[in-house]
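A.B. asks:
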Amino acid sequence: MRLLLVEDYPPLQKSVVKGLREAGFAVDVTGDGPEALWYAQTNPYDVIVLDLMLPRLDGLSILRRLRAEGRESHVLIITAKDAVADRVAGLNAGADDYLVKPFEFEELLARVQALVRRTYRRKNPLLEIGPLRIDTATQRVQCGADEIRLTAREYALLEYLAMRAGELVTRRDIWEHVYDFHSEATSNVVDVYVGHLRRKIDREGEPSLIEAVRGRGYVLRKDPA
Amino acid sequence: MKSLRARLLVGMIGSFALLLVVFGVVLDALIEYTLVREFDFYLETVAQTLAAAAESGGDRLELKLVPESLPDIQQVEGELFSQYWKDDGTVLAKSQNLAAQSLPRFSGAGGHPQVEPFVLPDGRPARAAGLRFPVPLHPRISGGSPAAPGADAEYLTLVVARDTTDLASHVRQLRWLLLAAGAATMTVGAVISIVVIRRSLRPLHRVAAAIATIKEDDLSTRIPATTMPEEIVPLVERLNELLHRLDEAFARERSLTADVAHELRTPVAGILATAGVALSADRTPADYREALGDVLGIARGMRSMTENLLTLARLDSQPAQFDLEPMQLRHLIDTCWRGCQDRAAARALAFENTVPEDLACASDRHALSIVFANLLENAADYTGHNGHIRVAARQSHGTIEIEVANTGCTLTQPQVARVFDRFWRADPSRKEARLHVGLGLALVRRIVTSLGGTVRADAAHGEFTVSIGLRATTLGDSVE
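Here the protein sequences line up with chains A and B, keeping their order.
According to our numbering, the first sequence is numbered sequentially starting from 61.
According to our numbering, the second sequence is numbered sequentially starting from 24.
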C-alpha cells in the first residue's frame, strides 16, 4: 500500500518511515507543507499520515485543499493538539482519523491498516483467497497449511492484489500502490516481482494463483480453477 | 470595634445623644433662669408698688393703692405675703394670710429690692423681695402726734413673699417635656441613623457578594463599578484591576503548562516510535545502535528544554543569585560560539566577533554564557546559507551595549515584538532535529533583566539584531 508521511520532526519521521516500510508500505515522506501538498496531488496514496504544524503550509490547509480537489485518499492526522475542538476541526476538515502525539507506533500502524481496509471496503483483516490466508495485521501469509515467508515488497504486492482479488490490476496500479516515489523506474520491475511472488505461493502442477492478462496486468484469482 | 456599621452607629448616635443632652441641660437652665427672673421681677414690682403706696403714721400704715396700677397683685393676692417693719424692729403691719407667722426681715441696699429664697413656716418653698423705703409721715394718720422730732419721714422695711410651689412645678413640667421631646428625638435619630448606615453600607455587601461568586478557575468576572457610590468606586476599580492581573497571570500559567505538555509530546512521540520500531523485529547491533543514538539525541533536546524551563522557573520564583566577577566579553563570546561552530560550518556561515579585547564587565559568567549561547545558537540555526553572524559591543556612559546580529531574517515587526515570549516561534514547525521550542530568547530576556540590564530585538533590512545593555565596570590587571 502506498502511504505519504508528512511529519517535520526528523527523529519521528525517520522511525515511523522505517516501521511502515517494514510493515510493507511504500512510503513517501516529507516535512514541508507545500511539498506535502504536491506529493498528495500527484500520487494516488492509500493513506496520508499528516502532521498539522508544518513549515510554510499547515496540515489542515493541505487537507482542505485535497478534499476540495476531490482527492479521496484516507487521511490520518497525527498532532500534539489534543483539545476536542482541534480533533473536531481535523475531522471536519476531511480527516478520516485523528491520533494524538505521543502515540505508540503499533497504534499508528493499526490505524493505518484500518484505513487501508476501508479504502478497499473490507472489514476483516484476514484475507482468504483460495488457498491463501493473508493476515494483514501481522503480515503473515499462509498457503494451505504452509507458512510463506515474503519480503516486505513481495508482501506489499500480494496484499494489494489480494485486496483487489478477482479484479484486473494493471501494472500502473501496482506501480502506484506498491512502489514509493523514489523507486527505480524500470519497465519490467513489476513483472520481476510478480515472478518472485508466483514462485513462493504457487504449487507445482497447479495453475498460478496470479493470472497474467496479456498486455494489461494481473488478476489474483478468487476461486482456483 | 471591628464592624464599620457598629462604629458608625455608636459614633453617630453617641454624638447625637451628647449634643441633645448638652442642648437639653442648657435649655432647661435657661428656662428655669427666665422663669425665676420673671418671678423675681414680679416680686420686686409688687414690693416697689406697695412701697410707693405706703403712707405711715407712727404705728399705723395706710396704702394708697390705685387699683388699676396693681391688677396683678389683686389677682394673685391669695398667694402673696407681706410684712412691714419699722427700723426699730417692730412689726408695723402684715398680711392677713400670715396670721401669727412672720416673714424673715431683710432688705436690699440703696433702695433696690433684694430677692432671696426661703422656706415658709409651713414648709412650702418661697421667694421674698425685701425693700427698705422711706415713708412720708402724715399727721392725719398719726393723729397729730409727732413721730419723731424734726423728721417728716421714717424708713420702713417691706418683705413681699410668694410661694414658689407653682413655679417649681412649672419648671418640673417643662423639664419632663424637654426630656420626653429629647427621648423622642433620640429614638427617631437612632432609627434614621441605623437605616442610613445600613443603606450606605449596602454597596459593600454587594461587593462582598460579588467577590464571593468569583472562582479561582474563572477570573473573568468583573464587579460592576457604575452603580457603586463614588467612595467605593476606587476600591472596586483596584479590585477589578487586581482580578485582571490575576486572570492574566493564571492564563499565562495555564498556557505555559499547556505549552510545556504540548512541546514534550513531539519528542516523546519520537522516542516511542524510535524505540517501538526498533523493538518490533530482530535487528542487527548496528540498527539498535542507530535507534539508541536517535533516542539519545531526542533526550538531549528534551534535557536542554527542561533545563531552560527550570532556569526560567527558578528566576521567576526567587530573586536570582548571581556571582559577579570581572570578565572579558570577547573571550566569553568566543567560548560560546565554539558550541555552534559545527552547525555554522555546515551552512557556511561567517562569524565575526568585533568586541574590543579590553571591554570587560562584572557579571555572572554562567548566566551570561547561557545568554550568549542561546543568542548564537539561534543565530546559527536561523541564518540562511552563506549568512553572516556579527557580534559587536561598545561602552558608553557606564553601559556596555552588545549587539548580536544575523542576516537572513524574515520576521515581520509584529513577530519581532513577540520573539521574547515563551514558546513563541515564528514557525511552529520543526525543521531541525534540535528542539527550538521558543524558550531561548525568553530565557535571554529573563536573565538580562535579572542582571539589571536591558534587552531589545530589531529586524531591519533582513538583519535580526538583539541588543543587550549591561552595566559596565572598569577592571584592573586581575582579568584573565
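Ideal Cβ positions, reconstructed from N, Cα and C, are used throughout, including at glycine.
(1) Rounded to whole angstroms, what is the Cα-Cα separation between residue 119 of chain A and residue 111 of chain A?
(2) Nearest to residue 212 of chain A by alpha carbon, out of A:257, A:172, A:127?
(3) How close, in whole Å, do the beta carbons of residue 474 of chain B and residue 387 of chain B come, if the pair is a contact with beta carbons under 8 Å?
(4) Within the same chain, show all residues whose beta-carbon is closer than 8 Å to that of residue 486 of chain B, passing over the 5 residues directly before and after it, in chain order.
(5) Helix, strand or coil for residue 291 of chain B, going by three-state DSSP, please let me know.
(6) Counting along the chain, where does the beta strand (DSSP E) carrying residue 577 of chain B start and finish?
(7) I'd like the list of long-range same chain contacts for residue 464 of chain B, defined as Cβ closer than 6 Å, with 5 residues on each side in sequence excluded.
(8) Helix, strand or coil for residue 67 of chain A? Go by DSSP, reduced to three states.
(9) Could you check where the beta strand (DSSP E) with residue 134 of chain A kicks off and where it finishes?
(10) When you compare each of A:277, A:254, A:217 to residue 81 of chain A by their alpha carbons, which one comes out closest?
(11) Taking a Cβ distance cut-off of 8 Å, strictly less, list which residues of the segment 371-399 of chain B are near chain A, in chain order.
(12) Going along chain B, which residues have a C-beta under 7 Å from residue 121 of chain A?
(13) Examine the Cβ distances between the segment 231-246 of chain A and the segment 177-196 of chain A and report whether three or more of them are shorter than 8 Å.
(14) Could you check what DSSP says for residue 508 of chain B in three-state terms: helix, strand or coil?
(15) I need the DSSP call for residue 85 of chain B, collapsed to helix, strand or coil.
(16) Can you list, in chain order, the residues of its chain with a C-beta nearer than 7 Å to that of residue 371 of chain B? Leave out the 5 residues immediately preceding and following it.
(17) Between the C-alpha atoms of residue 205 of chain B and residue 35 of chain B, what's the straight-line distance to the nearest angstrom?
(18) Within a Cβ cutoff of 8 Å, which residues of the same chain sit near residue 227 of chain A, ignoring the five residues on either side of it in sequence?
(19) Output yes if chain B places a C-beta closer than 8 Å to the C-beta of residue 76 of chain A; else output no.
(20) When you compare only the Cα positions, how much space is there between residue 283 of chain A and residue 236 of chain A?
(21) Rounding to the nearest angstrom, what Cα-Cα distance links residue 287 of chain B and residue 413 of chain B in this structure?
(22) Taking a cut of 7 Å between CB atoms, which residues from the segment 284-315 of chain B lie near chain A?
(23) Which one of A:162, A:198, A:115, A:264 has the shortest CA to CA distance from residue 295 of chain B?
(24) Are the C-beta of residue 241 of chain B and some C-beta of chain A separated by less than 8 Å?
(25) Would you mind giving the Cβ-Cβ distance between residue 136 of chain A and residue 172 of chain A, rounded to the nearest angstrom? I have them listed as a contact below 8 Å.
(26) Using a Cβ-Cβ cut-off of 8 Å, state whether residue 164 of chain A counts as contacting chain B.
(27) For residue 215 of chain A, does the count of other Cβ atoms within 10 angstroms reach 16, so buried, or fall short, so exposed?
(28) What residues of chain A sit near residue 317 of chain B, judged by a beta carbon separation below 8 Å?
(29) For residue 172 of chain B and residue 159 of chain B, I'd like the C-alpha separation in whole angstroms.
(30) What distance in whole Å lies between the Cβ atoms of residue 124 of chain A and residue 343 of chain A, which are believed to be in contact at a cut-off of 8 Å?
(31) Can you tell me whether residue 308 of chain B is buried or exposed, with buried defined as 16 or more other CB within 10 angstroms of its CB?
(32) Compare the C-beta of residue 321 of chain B against all C-beta atoms of chain A and say whether one is closer than 8 Å.
(33) Tell me, please, which residues DSSP counts as bridged to residue 156 of chain B.
(34) Residues of chain A with CB under 9 Å from residue 444 of chain B, in chain order?
(35) Please go through the segment 87-141 of chain A and give each complete alpha helix (DSSP H) segment of 4 or more residues, from N-terminal end onward.
(36) Which of the residues in the segment 122-148 of chain A, read from start to end, lie with their CB under 7 Å from any CB of chain B?
C.D. replies: In short:
(1) 6 Å
(2) A:257
(3) 7 Å
(4) 428, 429, 430, 432
(5) helix
(6) The requested residue 577 of chain B is not part of the displayed model; chain B covers only 24 to 503.
(7) 442, 443
(8) coil
(9) 134-139
(10) A:217
(11) none
(12) Near residue 121 of chain A there are no residues of chain B at all, since even the closest Cβ is about 13 Å away, more than 7 Å.
(13) no
(14) Residue 508 of chain B lies beyond the stretch modelled for chain B, which goes from 24 to 503, so this question has no answer here.
(15) strand
(16) 408, 409
(17) 16 Å
(18) 279
(19) yes
(20) 26 Å
(21) 33 Å
(22) 285, 288, 289, 291, 292, 293, 295, 296, 297, 299, 300, 303, 304
(23) A:162
(24) no
(25) 6 Å
(26) yes
(27) buried
(28) 71, 74, 75
(29) Bear in mind that the predicted position of residue 172 of chain B carries a pLDDT of just 49, short of 50, making it too unreliable to give a figure here.
(30) Residue numbering for chain A in the displayed model covers 61 to 285; residue 343 of chain A lies beyond these limits and cannot be assessed.
(31) exposed
(32) yes
(33) B:179
(34) Correct list: empty, because the minimum Cβ distance to chain A is about 17 Å.
(35) 93-102, 119-128
(36) 140
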